[in-house]
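Right, one structure below, let's go through it.
Protein chains: 2
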Amino acid sequence: MTVDNAVTTIADKVSRQLAEEIISGVISPGQKLEEQNLAEKFGVSRSPIRDALRQLSGTGLVDIKPNRSVTVVDLKVDQLHDMYEALGELEALCAKFCAQRMTTVERKQLEELHQKSKIAVRKKSKKTYADLNDQFHDMLHQGSHNESLQSISGELRRRLAPFRRPIFFRGTKRLKDSWDEHDNVVNAILAADAKRAHTEMGRHLVNSSLNVISYIEETRDS
Amino acid sequence: MTVDNAVTTIADKVSRQLAEEIISGVISPGQKLEEQNLAEKFGVSRSPIRDALRQLSGTGLVDIKPNRSVTVVDLKVDQLHDMYEALGELEALCAKFCAQRMTTVERKQLEELHQKSKIAVRKKSKKTYADLNDQFHDMLHQGSHNESLQSISGELRRRLAPFRRPIFFRGTKRLKDSWDEHDNVVNAILAADAKRAHTEMGRHLVNSSLNVISYIEETRDS
DNA sequence: GCACCAAGGATTGTATCCTATATAAGAGTA
DNA sequence: TACTCTTATATAGGATACAATCCTTGGTGC
Chain A
1 MTVDNAVTTI
11 ADKVSRQLAE
21 EIISGVISPG
31 QKLEEQNLAE
41 KFGVSRSPIR
51 DALRQLSGTG
61 LVDIKPNRSV
71 TVVDLKVDQL
81 HDMYEALGEL
91 EALCAKFCAQ
101 RMTTVERKQL
111 EELHQKSKIA
121 VRKKSKKTYA
131 DLNDQFHDML
141 HQGSHNESLQ
151 SISGELRRRL
161 APFRRPIFFR
171 GTKRLKDSWD
181 EHDNVVNAIL
191 AADAKRAHTE
201 MGRHLVNSSL
211 NVISYIEETR
221 DS
Chain B
1 MTVDNAVTTI
11 ADKVSRQLAE
21 EIISGVISPG
31 QKLEEQNLAE
41 KFGVSRSPIR
51 DALRQLSGTG
61 LVDIKPNRSV
71 TVVDLKVDQL
81 HDMYEALGEL
91 EALCAKFCAQ
101 RMTTVERKQL
111 EELHQKSKIA
121 VRKKSKKTYA
131 DLNDQFHDML
141 HQGSHNESLQ
151 SISGELRRRL
161 APFRRPIFFR
171 GTKRLKDSWD
181 EHDNVVNAIL
191 AADAKRAHTE
201 MGRHLVNSSL
211 NVISYIEETR
221 DS
């Protein structure tokens with residue numbers, strides 16, 4: 001009944017795959033997405049490609065200008081600042097609600113996930129930690145028990161993904177620091193301390209943003 | 001979105017007009033938007049209509065299911081609850097930032113706008129107040145000096161517009177109450193009292209949501 | 001050499017056509 | 001009558017054709 005439909009259109013599949021490739025960094029910010037290219041790549045006509053690109057534009061992953069190729073959104077440092085500030089507030093809010101609303105099962109799952117990522121840190125496995133980190137944040141969105149807040153936070157986080165991804169793959173210091181910050185958040189949530197959960201999550205995102213933005217500023221001049 | 005729109009496509013125009021009609025209530029939630037109909041109404045082919053509808057889907061104003069007509073999003077009461085809770089937090093945040101960041105000019109403009117709407121309340125001109133109310137909230141979004149927060153709040157507010165619109169047109173009591181709540185927010189912002197601005201704005205949105213939701217529950221069974 | 005302009009190709013925007021799917025109407029049967 | 005199955009028709013999905021726009025490139029004049 002509520003299980004998602006097996007029936008999907010080509011445009012949907014294209015849209016999903018492109019989103020995945022943008023988020024995971026296969027396609028880079030600023031890159032052009034030409035309709036004819038994509039049509040050949042997917043072995044279909046331009047129509048479903050166009051549909052997919054229009055749908056994607058709403059998610060903020062691509063940028064459409066009339067009579068110009070669609071491009072993967074490339075964010076300026078100022079925009080990164082704003083988005084991280086907003087995301088910080090949103091996720092801090094999620095954490096607060098998690099402390100207040102998470103079920104026993106959810107708290108247990110959060111704890112288990114957090115322990116799994118501890119192992120990833122110890123093993124210095126960056127890829128694994130990056131994935132677990134995504135799951136961690138998703139779980140906090142969901143734990144807010146507010147679908148609107150969940151989807152808004154999730155979408156904003158996805159838009160930042162292409163720029164966040166690289167920072168875990170520099171050194172291993174950020175892994176450890178990130179985990180420690182998560183630890184503070186988890187402890188606050190498990191203790192049902194809403195105020196502290198809010199504060200700690202806000203702090204975590206400030207640190208994330210500092211890392212991301214300093215990395216961006218190092219690797220490009222703009 | 002952007003200022004310059006000398007060059008626009010048919011799809012853009014259609015998209016904007018449909019959004020406008022949905023927000024203003026010309027088209028109602030749940031209504032079907034058939035491509036052929038729209039094509040005839042706008043005097044164009046289905047192609048740009050399709051583009052427009054896909055673009056709109058990303059803004060959350062319409063709902064697309066494969067092989068079914070696009071429909072104007074119709075929200076369940078649960079969804080209204082979640083969205084209003086989220087919007088309440090977002091706008092409370094905006095108000096907090098306004099108290100901290102608004103320029104002198106912006107504070108002056110806010111005050112003037114607020115006085116204008118006082119007159120609308122006194123005259124019991126519902127349409128005017130509804131418009132000024134929109135401007136008021138837009139101004140607070142802008143005053144946050146965070147474009148990301150501004151656009152997220154604005155979009156969420158637009159999605160709720162079709163459901164919020166009717167409440168000002170019942171009695172005049174809500175006009176007065178709404179203005180009083182605005183008054184508390186404005187005073188806090190002008191006094192640069194961030195904490196109070198946050199609290200009062202949150203309170204205002206709780207009251208708004210109560211009005212909207214009780215109205216919805218009266219006028220339909222779902 | 002450099003700025004400017006024109007011509008052509010490349011790419012997106014729009015129209016039209018065909019196909020696949022869904023919804024509604026109707027026939028037949030228990 | 002109620003139900004199922006069939007069939008017809010309307011509508012969306014996708015392919016193709018054509019038009020408009022942009023962008024490159026090569027030439028021209030200074």
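Chains A and B, in that order, are what the protein sequence lines are. Note that this note's numbering gives residue 57 to position 57 of the first sequence, counting from 1, and the numbers run on in steps of one. Note that this note's numbering gives residue 220 to position 220 of the second sequence, counting from 1, and the numbers run on in steps of one. Backbone N, C-alpha and C fix where the C-beta goes; we use that ideal spot for every residue, glycine too.
Measure the Cβ-Cβ separation of A39/A and S45/A and say whether it is below 8 Å. yes
Grab me the residues of R203/B's own chain with a C-beta within less than 7 Å of its C-beta, minus the 5 sequence neighbours each way, in chain order. E181
Do F257/B and Y129/B have their C-beta atoms closer together than 8 Å? Summary: the structure shown does not reach residue 257/B, with chain B confined to residues 1 through 222, and so no result is reported for it.
Which of the three DSSP states, helix, strand or coil, is assigned to V105/B? For V105/B, the three-state secondary structure derived from DSSP is helix.
Spell out a yes or no on whether the region 111-121 of chain B and the region 209-218 of chain B are touching, meaning 3 or more CB-CB pairs, one atom from each, closer than 8 Å. no
contact_flag[the region 7-22 of chain B, the region 24-31 of chain A] where n(CB pairs < 8 Å) is 3 or more: Using a C-beta cut-off of 8 Å, the region 7-22 of chain B makes no contact with the region 24-31 of chain A, since fewer than three inter-stretch Cβ pairs fall below that distance.
For I49/A, which of E35/A, V62/A, T59/A has the nearest alpha-carbon? E35/A
Any alpha helix (DSSP H) of 4 or more consecutive residues that is wholly inside the region 47-134 of chain B: 77-101, 104-122
Opposite I13/B in the DSSP bridges: which residues? In the sequence on display, residue 13/B carries Lys and not Ile. DSSP lists no partner for K13/B.
For N184/A, report the span of its alpha helix (DSSP H) as first-last. 173-190
Is it true that the region 130-137 of chain B meets the region 145-152 of chain B, where meeting means three or more beta-carbon pairs spaced less than 8 Å apart? no
Determine, for L93/A, whether the minimum Cβ-Cβ distance to residues of chain B falls below 8 Å. yes
Could you tell me the alpha carbon to alpha carbon distance between N67/A and T9/B, rounded to whole angstroms? 9 Å
Show which residues of chain B have a CB atom less than 7 Å away from the CB atom of A86/A. N146, S148, L149, I152
Applying the 10 Å Cβ sphere with the 16-neighbour rule, what's the burial state of E91/A? buried
Kindly indicate if chain A contains any beta-carbon less than 8 Å away from that of S222/B. Low confidence applies to S222/B: its pLDDT is 48, below 50, so where it sits in the model is not reliable, and the reading given next is rough at best. Answer no: the Cβ-Cβ gap between S222/B and chain A never drops below 8 Å.
Any beta carbon of chain A sitting closer than 8 Å to that of G58/B? For G58/B, the answer is yes, since a Cβ of chain A falls inside 8 Å of its Cβ.
Less than 8 Å between the C-beta atoms of L80/A and I189/A, yes or no? 8 Å or more divides the Cβ of L80/A from the Cβ of I189/A.
Would E89/A count as contacting chain B if we go by Cβ distances under 8 Å? yes
Could you check which residue in A191/B, V206/B, M201/B has the C-alpha nearest to that of C102/B? Checking the sequence shown, residue 102/B turns out to be Met, not Cys. The candidate whose alpha carbon is nearest that of M102/B is A191/B.
Flag this pair as yes or no: are the beta carbons of V70/B and L61/B separated by less than 8 Å? Against a cut-off of 8 Å, the Cβ pair of L61/B and V70/B comes out as no contact.
What's the gap between the Cα of N133/B and the Cα of Q100/A? 33 Å
Are any of the Cβ atoms in chain B nearer than 8 Å to that of V66/A? Residue 66/A is actually Pro in this sequence, not Val. Yes, P66/A lies at the interface with chain B (some Cβ there is under 8 Å from its Cβ).
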